[in-house]
Amino acid sequence: MTEKITLIGAGSLGSFQALLISKIAHAIGCEIEVFDHDKVESHNTDNQLYRLSDAGSLKADSLKKIVYLLTEKNIKTEPVKINQSDILRLRGIVIVMVDSMAARREIFEACKNDASVSYYIEARTGGNTAYVYAFNPRQQGSISQYAQMLYSDKRVLNPACATIETVPALWAVAAAVAKILILIKKDDSFRDKFLEVVVNFEDLPLVKTDKKEII
Numbered sequence: 732m733t734e735k736i737t738l739i740g741a742g743s744l745g746s747f748q749a750l751l752i753s754k755i756a757h758a759i760g761c762e763i764e765v766f767d768h769d770k771v772e773s774h775n776t777d778n779q780l781y782r783l784s785d786a787g788s789l790k791a792d793s794l795k796k797i798v799y800l801l802t803e804k805n806i807k808t809e810p811v812k813i814n815q816s817d818i819l820r821l822r823g824i825v826i827v828m829v830d831s832m833a834a835r836r837e838i839f840e841a842c843k844n845d846a847s848v849s850y851y852i853e854a855r856t857g858g859n860t861a862y863v864y865a866f867n868p869r870q871q872g873s874i875s876q877y878a879q880m881l882y883s884d885k886r887v888l889n890p891a892c893a894t895i896e897t898v899p900a901l902w903a904v905a906a907a908v909a910k911i912l913i914l915i916k917k918d919d920s921f922r923d924k925f926l927e928v929v930v931n932f933e934d935l936p937l938v939k940t941d942k943k944e945i946i
């Protein structure tokens with residue numbers, strides 16, 4: 732049975748995420764729908780999936796075209812700002828990639844304890860550092876643990892926005908989320924674990940080994 736994935740946000744995190752999910756969606760038995768109401772601005776092309784020729788277009792429309800160009804797969808996109816009624820209609824796996832704590836809290840409050848939402852993933856980034864949280868939104872322990880991560884926007888330190896230099900970290904987040912999706916589709920027991928992934932690309936990630944040949 733195909734499980735729906737709803738991705739909220741198609742900016743610096745969400746645009747790369749949509750492409751990667753579209754590459755694996757069929758293999759893991761999922762279909763994706765993306766919500767974003769913003770238009771592409773020229774500076775977005777530095778750190779998002781969009782092209783200069785997309786400037787002025789709705790991100791939802793441009794993303795759909797780019798994903799099809801690269802994968803020959805059609806994804807559903809909604810060029811609207813998700814509102815309370817939209818949130819209440821969310822189903823399946825919900826992935827939240829928005830840029831304010833207030834929006835994260837609103838979406839989470841609507842999704843928690845909802846039998847229609849099977850899994851919840853949220854990612855946030857600042858510069859070369861990012862966090863990904865993934866859990867069952869109906870499990871009380873996970874709800875309590877995640878609620879501690881929803882502090883006020885006033886407490887956000889306002890780190891540098893995504894830039895060309897932070898694109899590797901954005902791709903790392905997309906890869907981490909894709910891996911989580913693969914894990915929970917292969918083994919249901921992962922759905923009952925609270926997963927937290929930390930991406931820190933402030934320095935070059937290094938893997939040390941004594942082996943001269945690893946392939």
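In the numbering used here, the protein residues as written are 732 to 946.
For every residue, glycine included, the Cβ atom is placed at its ideal position computed from N, Cα and C.
Backbone secondary structure at residue i - three-state DSSP
i: Lys916; result: helix
i: Tyr882; result: coil
i: Tyr877; result: helix
i: Ser849; result: strand
i: Gly823; result: strand
i: Phe925; result: coil
i: Ile946; result: Legend: pLDDT at Ile946 = 47, less than 50; position of this residue unreliable, value from coordinates given subsequently. Looking at Ile946 - three-state DSSP - the assignment turns out to be coil, as it is neither helix nor strand.
i: Glu803; result: coil
i: Leu780; result: coil
i: Val829; result: coil
i: Ala900; result: helix
Within 9 Å, strictly: CB atoms of residue i and residue j
i: Ile978; j: Leu738; result: Lying outside 732 to 946, the shown extent of the chain, residue 978 is not represented and no answer is given.
i: Tyr851; j: Ile818; result: no
i: Lys812; j: Glu764; result: no
i: Ala833; j: Asp884; result: yes
i: Ala861; j: Ala903; result: yes
i: Thr856; j: Ser743; result: yes
i: Phe921; j: Leu914; result: yes
i: Ala854; j: Met880; result: no
i: Ala741; j: Phe766; result: yes
Bridge-paired residues (DSSP) for residue i
i: Ala861; result: Thr856, Val930
i: Phe766; result: Ile739, Glu809
i: Phe866; result: Tyr851
i: Leu974; result: Only positions 732 to 946 of the chain appear in this structure, which leaves residue 974 out of reach.
i: Cys761; result: Glu734
Supposed close pair residue i, residue j - CB separation, criterion 8 Å
i: His768; j: Pro810; result: 6 Å
i: Cys761; j: Ile736; result: 5 Å
i: Glu772; j: Ser849; result: So it is not a contact: roughly 34 Å between Cβ atoms.
i: Ser873; j: Asn867; result: 6 Å
i: Val928; j: Ala909; result: Not quite, the Cβ-Cβ distance comes to about 11 Å (not below 8 Å), so this is no contact.
i: Glu859; j: Asn814; result: Reading the sequence as shown, one finds Asn at residue 859 and not Glu. That belief does not hold up - the Cβ atoms of Asn859 and Asn814 are roughly 33 Å apart, past 8 Å.
i: Ala900; j: Gln748; result: Their Cβ separation, rounded to whole angstroms, is 13 Å, which puts Ala900 and Gln748 out of contact at 8 Å.
How do the stretch 891-904 and the stretch 767-778 stand: do at least 3 beta-carbon pairs fall below 8 Å, yes or no?
Output reads yes: the stretch 767-778 touches the stretch 891-904.
Counting pairs of Cβ atoms below 8 Å between the stretch 783-801 and the stretch 834-851, do you hit three or more?
The stretch 783-801, when compared against the stretch 834-851, does not touch it at the 8 Å Cβ threshold.
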